[in-house]
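Protein chains in written order, with my numbering: chain Z, 17 to 423; chain G, 59 to 687.
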Amino acid sequence: MPSAFPPGEPAPEDGSLPDSALEGMPGRPFSVYLHVPFCRVRCGYCDFNTYTLPELADGAAPEGYLGAAHTEIELAARVLSTGEDRPVSTVFVGGGTPTMLSPDALGSLVADVRDRWGLAPGAEVTTEANPDTITPEVAAQLAEQGFTRVSLGMQSAVPQVLRTLDRTHDPAGVSRAVRAVREAGMQVSLDLIYGTPGESQADWQTSLDAAVALQPDHVSAYALVVEPGTRLHGQVRRGEVAAPDDDDEADKYELADEVLSAAGYGWYEISNWALTMDRRCEHNLAYWSGADWWGIGPGAHSHVGGVRWWNVKHPRAYGDRLGAGRSPVHAREILDEQERYAERVLLGVRLADGLPVAALEDAGRHAVAGLVGDGLVEGRAAVRGRVVLTLRGRLLADTVVRRLLPG
Amino acid sequence: MPALSPLARPESVPQPAATPPEIIRNFCIIAHIDHGKSTLADRMLQVTGVVDQRQMRAQYLDRMDIERERGITIKSQAVRMPWATGTPAGDQAYILNMIDTPGHVDFTYEVSRSLAACEGAVLLVDAAQGIEAQTLANLYLAMENDLAIIPVLNKIDLPSAQPEKYAEEIAGLIGCDPEDVLKVSGKTGEGVPELLDRIVEEIPPPVGDADAPARAMIFDSVYDTYRGVVTYVRVVDGSLSPRERIAMMSTKATHELLEIGAISPEPAPTKGLGVGEVGYLITGVKDVRQSKVGDTVTGERRQASTPLGGYKDPRPMVFSGLYPIDGSDYPILRDALDKLKLNDAALVYEPETSGALGFGFRVGFLGMLHLEIVRERLEREFNLDLISTLPNVSYDVRLDDGTELEVTNPSEFPAGKIASITEPVVRGTVLAPSEFIGAIMELCQSRRGTMLGMDYLSPERVELRYTLPLAEIVFDFFDALKSKTRGYASLDYEPSGTQEADLVKVDILLQGDTVDAFSAIVHRDKAYAYGVQMAGKLKELIPRQQFEVPIQAAIGSRVIARETIRAIRKDVLAKCYGGDISRKRKLLEKQKEGKKRMKMVGSVEVPQEAFIAALSQDGSDAEPAKSKK
Ligand SMILES: Nc1nc2c(ncn2[C@@H]2O[C@H](COP(=O)(O)OP(=O)(O)OP(=O)(O)O)[C@@H](O)[C@H]2O)c(=O)[nH]1
Ligand SMILES: C[S@@+](CC[C@H](N)C(=O)[O-])C[C@H]1O[C@@H](n2cnc3c(N)ncnc32)[C@H](O)[C@@H]1O
Ligand code: SF4
Ligand SMILES: [Mg+2]
Numbered sequence: 017m018p019s020a021f022p023p024g025e026p027a028p029e030d031g032s033l034p035d036s037a038l039e040g041m042p043g044r045p046f047s048v049y050l051h052v053p054f055c056r057v058r059c060g061y062c063d064f065n066t067y068t069l070p071e072l073a074d075g076a077a078p079e080g081y082l083g084a085a086h087t088e089i090e091l092a093a094r095v096l097s098t099g100e101d102r103p104v105s106t107v108f109v110g111g112g113t114p115t116m117l118s119p120d121a122l123g124s125l126v127a128d129v130r131d132r133w134g135l136a137p138g139a140e141v142t143t144e145a146n147p148d149t150i151t152p153e154v155a156a157q158l159a160e161q162g163f164t165r166v167s168l169g170m171q172s173a174v175p176q177v178l179r180t181l182d183r184t185h186d187p188a189g190v191s192r193a194v195r196a197v198r199e200a201g202m203q204v205s206l207d208l209i210y211g212t213p214g215e216s217q218a219d220w221q222t223s224l225d226a227a228v229a230l231q232p233d234h235v236s237a238y239a240l241v242v243e244p245g246t247r248l249h250g251q252v253r254r255g256e257v258a259a260p261d262d263d264d265e266a267d268k269y270e271l272a273d274e275v276l277s278a279a280g281y282g283w284y285e286i287s288n289w290a291l292t293m294d295r296r297c298e299h300n301l302a303y304w305s306g307a308d309w310w311g312i313g314p315g316a317h318s319h320v321g322g323v324r325w326w327n328v329k330h331p332r333a334y335g336d337r338l339g340a341g342r343s344p345v346h347a348r349e350i351l352d353e354q355e356r357y358a359e360r361v362l363l364g365v366r367l368a369d370g371l372p373v374a375a376l377e378d379a380g381r382h383a384v385a386g387l388v389g390d391g392l393v394e395g396r397a398a399v400r401g402r403v404v405l406t407l408r409g410r411l412l413a414d415t416v417v418r419r420l421l422p423g
Numbered sequence: 059m060p061a062l063s064p065l066a067r068p069e070s071v072p073q074p075a076a077t078p079p080e081i082i083r084n085f086c087i088i089a090h091i092d093h094g095k096s097t098l099a100d101r102m103l104q105v106t107g108v109v110d111q112r113q114m115r116a117q118y119l120d121r122m123d124i125e126r127e128r129g130i131t132i133k134s135q136a137v138r139m140p141w142a143t144g145t146p147a148g149d150q151a152y153i154l155n156m157i158d159t160p161g162h163v164d165f166t167y168e169v170s171r172s173l174a175a176c177e178g179a180v181l182l183v184d185a186a187q188g189i190e191a192q193t194l195a196n197l198y199l200a201m202e203n204d205l206a207i208i209p210v211l212n213k214i215d216l217p218s219a220q221p222e223k224y225a226e227e228i229a230g231l232i233g234c235d236p237e238d239v240l241k242v243s244g245k246t247g248e249g250v251p252e253l254l255d256r257i258v259e260e261i262p263p264p265v266g267d268a269d270a271p272a273r274a275m276i277f278d279s280v281y282d283t284y285r286g287v288v289t290y291v292r293v294v295d296g297s298l299s300p301r302e303r304i305a306m307m308s309t310k311a312t313h314e315l316l317e318i319g320a321i322s323p324e325p326a327p328t329k330g331l332g333v334g335e336v337g338y339l340i341t342g343v344k345d346v347r348q349s350k351v352g353d354t355v356t357g358e359r360r361q362a363s364t365p366l367g368g369y370k371d372p373r374p375m376v377f378s379g380l381y382p383i384d385g386s387d388y389p390i391l392r393d394a395l396d397k398l399k400l401n402d403a404a405l406v407y408e409p410e411t412s413g414a415l416g417f418g419f420r421v422g423f424l425g426m427l428h429l430e431i432v433r434e435r436l437e438r439e440f441n442l443d444l445i446s447t448l449p450n451v452s453y454d455v456r457l458d459d460g461t462e463l464e465v466t467n468p469s470e471f472p473a474g475k476i477a478s479i480t481e482p483v484v485r486g487t488v489l490a491p492s493e494f495i496g497a498i499m500e501l502c503q504s505r506r507g508t509m510l511g512m513d514y515l516s517p518e519r520v521e522l523r524y525t526l527p528l529a530e531i532v533f534d535f536f537d538a539l540k541s542k543t544r545g546y547a548s549l550d551y552e553p554s555g556t557q558e559a560d561l562v563k564v565d566i567l568l569q570g571d572t573v574d575a576f577s578a579i580v581h582r583d584k585a586y587a588y589g590v591q592m593a594g595k596l597k598e599l600i601p602r603q604q605f606e607v608p609i610q611a612a613i614g615s616r617v618i619a620r621e622t623i624r625a626i627r628k629d630v631l632a633k634c635y636g637g638d639i640s641r642k643r644k645l646l647e648k649q650k651e652g653k654k655r656m657k658m659v660g661s662v663e664v665p666q667e668a669f670i671a672a673l674s675q676d677g678s679d680a681e682p683a684k685s686k687k
């Protein structure tokens, strides 16, 4: 079951944005996210906005979706047109499983983005993919369509863990997919999940070793979150499987950081490691640094100049709205100064680059010494004027944020 | 339903102020809790015609919301009812003043006040349960007051009723003939007219000097938002009439009588009240302390010289700290206590502060039910959220240097140099089927009881008498007793002095800091158990902090139990966000809100909920409402 939306206020039918959001916009980096809401099966832990084809049956399926997405791109271009050029710095196609669509179909979306806004030179164009959807042919076609990067949902290298996660691929499929992507000349990123019920430290070590052995450019390691409404949530509530344990996850995070660092991957965001600086995920960095992006597709979130909005979730509702010439926005939030500040702190502190101390309000600046004393923030970096989390601080980032923010 | 009394027709009913004492009968209904006093009162209201079918509702006289919800009587209620009995010369009219009383041990003082306004008592016994502990306690009280006792078995409609058996039991107890025990059903009304006839026959009419200066006993005093203080009186001598000025004999204060009346069953003004009559007065005073229970009312112009014998003030048995969860509610709590006090003479309180809980009040209660009810009323009627600390009794502590102090709060317990500690004890009476004697003796022994004696009421029922420390029975003893006797035992107790005891204060320390709200005074033998239990509870309740938090239980500087809350290692949400930053920010705002509900104990953040849960009694002695047997 897809997760619930945050509360927000109604948005205008024509999709227009307040002037405040657009002000100064051409000078800021701009990204595009494309959400593809389809999967072959729904994994028991997943609350992303995604649907299996039998769930949708009729016209809401891929063809309808593609048409609607193109319409939304057109709408976005209209709303944002300020007469000036605004080349897109990153494009990220996520899901769901984008590769449920053909490379041509995905390519047509990217092409549309390029046609409307233009792509910045060397722009990062990523798609997520389930390992068992990537063949050498598919990879080659994706590269041809302009993709530069593929993020593969590896999750684990231990068959038992993959089964618990309801994954359809096996470990061998991951290495085949990695090879295919690399041979097509694209960068590879691997997603891992730790803390799956029944996963031992040794299992996790196995998965990390396997990931490193595949020499990806980038690794994301996520702690399993039991989201309300998912099948996993039901199993935990009924006591059929054990709930993830924070201490176990902390151990696994530390192990991940150790194994990845030893293999040359540096952390640049709490859940992300890259082999070199230029192999970090620029699109992800855009999120953390509060950049502008437009999210196309059902349930997609967007942010432009302090306005956040999100589209209706169901592909049918999404298609119907756009078909009727209306904006697909479900609700939006116009952030006030305080909320924008909270977000800058909350997002920025997750990055290895950290947060400039100078960007903090008094209360935050005064909290830094205590955080250094508690071993949550790097003392050396603080002296140089940046708040950078220590390993312990990364695990306790919520505490750090609460202490940096007033009230 | 038996035929209504002919006196239900208003024109033939003797009116207040014009009723000769010879035709007045003042009685109360006394019984063990739940034996059906209020239900029997309902039938009396109906059969005498003061409440008609349409207005009737079950337990009519349980007027407070909390009484109706819990199905118990907390306040006594007096009602004037007409009744006629046939004589050879025709019907003779009578006036019955009936007082329904509470059955729970916490409210025994209500019963004793009611008794003082009567010449007789209906001793009601559930025909399916037989004599229980408060049956005995209330019977003793009535006998002490020289009242005529009419023994009655109730609930004879129940299939499980054993009227013959229990008639024997009662006859054995009060020394009458089993045939003299009336049998009624408060549910069907069977036997109720006969009972009213018997009341007329056996309860003596009030005697008083109609020509003497007025003397009326205040047996209740209630604050009413609309009418001010309503004072309930029983006239002994003389008479009171509207618009005259009255004087309170203890304070000499005088007041104008704005209204005088009788309750039948709603208050209605009358031309006055004469010898033996029961009714109410309104003088316009705003504070019940100006119209004190136990005081004697007389006329201003013709004052009586000797007051009637008053009542002892009820003494609080249990003390607990009450704190508003939101510290800014303190003034509201203070006003609320002042207001409740207007109707509850038994409520005593004084301000206190706690390092952990802030500003609050130390409040004295008659027992755990009283505590529960006061707390519930404060929360409901004044919209307060409260934390109450672990209840305790009061101790007298003598120091080596001879100083004596009264300790009603563990934080006042002196450190070291204690010569002796005295604790209150009670005389407890347990009634139960004889098969449970062993279990009851074992329980009383574990509660530091000393056996005083044992009597068989019948071959299968025994009465066991014990001296027990109040602190051992007032909190969870009743639950333990019920569970060891499958619910068959009943308990009554009354204060019976003090005794020296080996008591200690157990402190609970978080990260080395004492949390005053968790300190308790316990017997040395039970200190360890308390320490282990509290430390264990807190370990579950206090969320993990950034550092390890040791929890210790200690007597003075000697640690007797310890637990550790391990440091938290991870709180970050390390999941793919998919751009939903708003959700993340909202979560953070909620966490911040949660922080505000934290109390700092040293550097440890303790959620309010942890205080509430740790301080909640799992198993208080307040009898739950109507546990249907
Ligand atoms: N079957 C039956 N039930 C009765 C009778 N009288 C009372 N009850 C029930 O017994 C329960 C207690 O009745 P109350 O009249 O509230 O008892 P009480 O003695 O006033 O109780 P307290 O005021 O709390 O001491 C209620 O559920 C009544 O319905 C009776 O004659 N027959
Ligand atoms: C948007 S998902 C889609 C990727 C692709 N469909 C797949 O599963 O291979 C991106 C990543 O989020 C992570 N993820 C999804 N649900 C999660 C959960 N409940 N807890 C932690 N990580 C989760 C997985 O690692 C997944 O690869
Ligand atoms: S394949 Fe990916 S998006 Fe689809 S259900 Fe599984 S985790 Fe979620
Ligand atoms: Mg009652």
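Note that CB positions come from ideal geometry on N, CA and C, so glycine has one too.
The structure presented is a predicted model; accordingly, all values stated were derived computationally and were not measured.
Cutoff 8 angstroms: residue i Cβ touching any chain Z Cβ
i, result
"Ile639 (chain G)", "yes"
"Arg655 (chain G)", "no"
"Ala668 (chain G)", "no"
Neighbour list for residue i in chain Z, Cβ cutoff strictly below 7 angstroms
i, result
"Cys502 (chain G)", "Chain Z residues near Cys502 (chain G): none, gap ~42 angstroms exceeds 7 angstroms."
"Lys642 (chain G)", "Leu362"
DSSP-derived helix/strand/coil call for residue i
i, result
"Ala187 (chain Z)", "Before going on, a small fix: residue 187 (chain Z) reads as Pro here, not Ala. It is helical."
"Ala683 (chain G)", "Confidence is the limiting factor: at Ala683 (chain G) the pLDDT is only 34, short of 50, which leaves the residue's position unreliable and the question unanswerable from this model."
"Tyr514 (chain G)", "strand"
"Lys540 (chain G)", "helix"
"Asp204 (chain G)", "coil"
"Lys344 (chain G)", "coil"
"Met122 (chain G)", "coil"
"Arg303 (chain G)", "strand"
"Arg620 (chain G)", "strand"
Where the alpha helix (DSSP H) containing residue i begins and where it ends
i, result
"Arg165 (chain Z)", "Premise fails: Arg165 (chain Z) lies in the beta strand (DSSP E), 165-171, not in any alpha helix (DSSP H)."
First through last residue of the beta strand (DSSP E) which encompasses residue i
i, result
"Lys657 (chain G)", "656-659"
"Pro553 (chain G)", "548-558"
"Phe377 (chain G)", "376-382"
"Thr246 (chain G)", "Taken as a continuous stretch (DSSP letters only), Thr246 (chain G) belongs to no beta strand (DSSP E), as it is neither H nor E."
Cutoff 8 angstroms: residue i Cβ touching any chain G Cβ
i, result
"Glu424 (chain Z)", "Nothing about residue 424 (chain Z) can be reported from this structure: the residues present for chain Z run from 17 to 423 only."
"Thr87 (chain Z)", "no"
"Thr415 (chain Z)", "yes"
"Glu349 (chain Z)", "yes"
"Glu265 (chain Z)", "yes"
Residue i CB to nearest heavy atom of ligand 5 below 7 angstroms
i, result
"Phe108 (chain Z)", "Looking at this structure, you won't find ligand 5 anywhere; what it does contain is ligand 1, ligand 2, ligand 3 and ligand 4."
7 angstroms Cβ cut-off: residues of chain G touching residue i
i, result
"Ser287 (chain Z)", "Ala632"
"Arg130 (chain Z)", "Chain G residues near Arg130 (chain Z): none, gap ~21 angstroms exceeds 7 angstroms."
Ligand 2 heavy atom lying under 7 angstroms from the CB of residue i
i, result
"Asp207 (chain Z)", "yes"
Cβ-heavy atom distance, residue i to ligand 3, below 7 angstroms
i, result
"Thr143 (chain Z)", "no"
Contact residues within the segment 228-242 of chain Z, judged by C-beta distance below 9 angstroms to chain C: Absence of chain C from the displayed structure is noted, the protein chains being Z and G.
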